[in-house]
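Q:
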Amino acid sequence: MFDELLTAGVFASAIRLATPYIYAAIGETFGQRSGVLNLGVDGIMLMGAFASFYAVYETNSLLLGILVALLVGALLGLFMAFISVTLQAEQGISGIGLYLFGLGMSELLFVKLLGTPRSVDGFPRVDIPLLSDLQFLGIGEIFFRHNLMVYLAFALVPISAYVLNYTTLGLNIRAVGQNPQAADAMGVSVARVRYFTVTLGGMFSGLAGASLSIALLKVFQQNLTAGKGFIAVALVYFGGWRPTWVLAGAMLFSFVNALQLQVKTVGIDIPSEFAVMAPYVLTIIALIFATKRREQPTALTKPFERGE
Amino acid sequence: MKRKLLFILPVLAAMVVALAMPVATAQDEPFSVAAVAPSATNDLAFSQSMFDALTAVQEEMGEDAFEFTFIEGQFNVDDAAATIRDWAASGDYDLIIAHGSQYGAALEEIAPEFPEIAFAWGTDVNTFGLDNVSAYEAASQEGGYINGFVAGGLTQTDVIGVIGPIEVGDAKLYVDGFKAGVAAYAEEEDKEITVNVNYIQSFSDVALAAEAAETHLSNDADILTGTAQMVVGAIGVAQERGDVYWFGTQSSQTEFGGEIVVMNQVYHWEVVLMEIIANMEEGVLGGESYKITLENGGLEMEINPDFAGFESEEDYETLQEAVQILIDGIVAGDIEVLPAEEE
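Chains as they are written, first to last, in the working numbering: chain Z, 2 to 309; chain U, 82 to 424.
#1: According to DSSP, what are the bridge partners of N277(U)?
#2: Going straight from the alpha carbon of A267(U) to that of L64(Z), what length do you get?
#3: Step through the CB atoms of chain U and report whether any lies within less than 7 Å of the CB of V257(Z).
#4: Answer with yes or no whether the minimum CB distance from P118(Z) to chain U is below 7 Å.
#5: For the segment 273-304 of chain U, which residues have a CB atom closer than 8 Å to at least one CB atom of chain Z, in sequence order?
#6: Could you check whether the Cβ of K265(Z) sits closer than 7 Å to any Cβ belonging to chain U?
#7: Would you kindly work out how many angstroms separate the C-alpha atoms of L114(Z) and E108(Z), rounded to a whole number?
#8: What do you reckon, are the CB atoms on F328(U) and A232(U) nearer than 7 Å?
#9: Using the C-alpha atoms, what's the distance from A413(U) back to G103(Z)?
#10: Roughly how many angstroms lie between the CA atoms of A293(U) and G241(Z), to the nearest whole one?
#11: Taking the runs of the alpha helix (DSSP H) that are 4 residues or longer, which of them lie wholly in the segment 213-294 of chain Z?
#12: Using a Cβ cut-off of 7 Å (strictly closer), state whether L18(Z) contacts chain U.
#13: In chain order, what residues of the same chain lie with their CB nearer than 8 Å to the CB of L101(Z), ignoring the 5 residues before and after it?
#14: Please list the terminal residues of the continuous alpha helix (DSSP H) segment that includes V325(U).
#15: Could you check which residue in K265(Z), D185(Z) and F205(Z) has the C-alpha nearest to that of A290(U)?
#16: Roughly how many angstroms lie between the CA atoms of L165(Z) and V158(Z), to the nearest whole one?
#17: Going by DSSP, what residue range makes up the beta strand (DSSP E) through I384(U)?
#18: Step through the CB atoms of chain U and report whether any lies within less than 7 Å of the CB of K113(Z).
#19: By the 9 Å beta-carbon criterion, what residues does the segment 314-326 of chain U contribute toward chain Z?
#20: Starting from the beta carbon of L125(U), find every residue of chain Z whose beta carbon is closer than 8 Å, and list them in chain order.
#21: Can you give me, in chain order, the residues of the segment 148-181 of chain U that have a beta carbon less than 7 Å from any beta carbon in chain Z?
#22: Can you name the start and end residues of the beta strand (DSSP E) that W202(U) belongs to?
#23: I want to see whether chain U comes within less than 7 Å of S14(Z), judged by CB atoms only; does it?
#24: Who are G28(Z)'s beta bridge partners in DSSP?
#25: Just tell me which of A137(U), P119(U) and D324(U) has its CA closest to the CA of V353(U).
#26: Taking the alpha helix (DSSP H) that R126(Z) belongs to, which residues open and close that run?
#27: Candidates P246(U), E223(U) and I178(U): which alpha carbon is nearest F259(U)'s?
#28: Which same chain residues end up closer than 6 Å to P103(U) when comparing Cβ atoms and leaving out the 5 residues on each side of it in sequence?
#29: Name the residues in the segment 54-88 of chain Z whose C-beta lies less than 9 Å from a C-beta of chain U; which are they?
#30: For A9(Z), which residues from the same chain have a beta carbon less than 6 Å from its beta carbon, with the 5 sequence-adjacent residues on both sides left out?
#31: Tell me where the alpha helix (DSSP H) around N148(Z) begins and ends.
#32: For M278(Z), is the classification buried or exposed, using 16 other Cβ atoms within 10 angstroms of its Cβ as the cut-off for buried?
#33: Relative to the alpha-carbon of L149(Z), which residue among F239(Z), L248(Z) and V127(Z) has its alpha-carbon at the smallest distance?
#34: Any beta carbon from chain Z within less than 7 Å of A309(U)'s own beta carbon?
#35: What three-state label does DSSP hand N345(U) in the structure shown?
#36: Using a C-beta to C-beta distance shorter than 9 Å, which residues of chain Z count as neighbours of F337(U)?
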């Protein structure tokens, strides 16, 4: 039975499913490490997904699609930063507002500009020479037969971990999230750092949306993300605000999701409702243990005002 | 003189009113329908099928005689219920349609408060014993059977993948009918064909539907089908492969899927709508259950003339003939799609 379940196809499927979560959760990690919770990730993903799709649909340029996703993500991230940093609005509520804006606006634009689901020639699968032919344990199929946006998502994890842990910028981000008063006293501009991380997070969320609409699915439909942005926020907590653990969480969630698809496909007699619940139940259980393991940024969700 | 004028004026006024009255009554109010649906009017599936039907009825009756309001994207049942209640309270509509089986409980609560307003909902057969509620459903197992039978003949790997949303209503009937069609073909040809079914428990998760399609393909499926609006993701996967064929249902998916689409079962709810309207004109507001079938023309089997598997016009005509034989068999009752208790 395990041969039937643990196939290379299931692992490859897990990698594809994890891709949008990785982009969105890594971006959110930057924001949360600096003390800003952005619950509008899903809304930014939707806008990024639509904008990149429409750009590719109109121009056939994948590069333009990516640039547009980054731009839209940056603008919405900047907007969120303005609300949460400058206006010091309650972050949870303003994030939900941003989500609802993205949900509604992407749907409106879709109806007005496209009218009906259409497909584009998005990112094609790129088989890495030699490596994609590796037969041992299906490694070639699992890791080396994906589109460029999948490879890029996985490449971002070590880069992000390095930036956060071994650079001055990363040190400033962590300091601002942990003790903004101390960081401010040391001459670090709390507002500037938070503006940067939330805008960066928005750009990553835009890419997350684009990874769905022009790479994995090559189609846009209303509410395309189906709440994946919220799962990404949960994965940041799961990963203890560390990119490598966020990746582990995304992979675990996606692997169980891929496994439940395989369980049903090969006809193993488990109620499909139970199988579909499994990734979420597992994530909640893991989250309970994960949050005990790690300390969240002390200043998370707390606006900073000089002299407090 | 002045006195005479004073006397004439009320008479003239009465004459004007009298002349105006027949004009006012001669202009009949159009039949007005309001409908609420869970997804978009362009979802290539369930909601679009009702929107297309209302548009068809309007074309048939004329815009002066039939008008409709359509609220889409009402996944949230509470929001839909509030909309339905507002419509009913306004008194502006002759018929209010709740297009989605999830709206049943809300309708059961609202409809008794407005006995003069007609309601319809589906897909279901339950009118809750109310005289102002009609229920409608699709015998989607019929088209499912035909799709399945043809799919059985097309598969090279003898593995077929099905992507479903939740195992209820017309989605379940379609999938069950599809499996029965494949089984009937396999029995006739003495073959073994595996049908893998994957209900993803969502009507909207396009990405999960796409991954379910990928999972089917990695398990050797070369034919895919599916029902509900999230299947655009699965069609996209089949399109990318190029050598995987797709069978559609609910609405035509040919424009989106292109040449990988073999055929579609298309719902024509206008058949049911016209029946409901006709009954309402005779004073029957509800209490009846309706069904679209191959026999009453509510279900149409639409073959894609541009399907990649056709090598010539002859192939298209051969498939048309084969499909017609199956339709005739089902309509005549010679083919029992599903055992009676399953329908």
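By construction, the Cβ of each residue, glycine as well, lies at the ideal position given by its N, Cα and C atoms.
A: According to the data block:
#1: G242(U)
#2: 48 Å
#3: no
#4: yes
#5: N277, V278, N279, Y280, I281, Q282, S283, S285, D286, V287, A288, L289, A291, E292, A293, E295, T296, H297, S299 and N300
#6: yes
#7: 10 Å
#8: yes
#9: 52 Å
#10: 30 Å
#11: 229-239, 244-266 and 273-294
#12: yes
#13: G44
#14: Element bounds for V325(U): n/a, residue is neither H nor E.
#15: K265(Z)
#16: 11 Å
#17: L380 to I384
#18: no
#19: G314, I316, G317, V318, Q320 and E321
#20: T117 and P118
#21: G154
#22: A199 to G203
#23: yes
#24: Its beta-bridge partners do not exist; DSSP assigns none.
#25: A137(U)
#26: Unbroken run through R126(Z) is the beta strand (DSSP E), R126 to D128; no alpha helix (DSSP H).
#27: E223(U)
#28: A caution first: P103(U) carries a pLDDT of 39, below 50, which makes its placement in the model unreliable, though a value can still be read off. Closer than 6 Å at Cβ, skipping near neighbours: no residue.
#29: none
#30: G139, E142 and I143
#31: Here N148(Z) belongs to no alpha helix (DSSP H); instead the beta strand (DSSP E) covers R146 to N148.
#32: exposed
#33: V127(Z)
#34: no
#35: strand
#36: T117, P118, R119, S120 and V220
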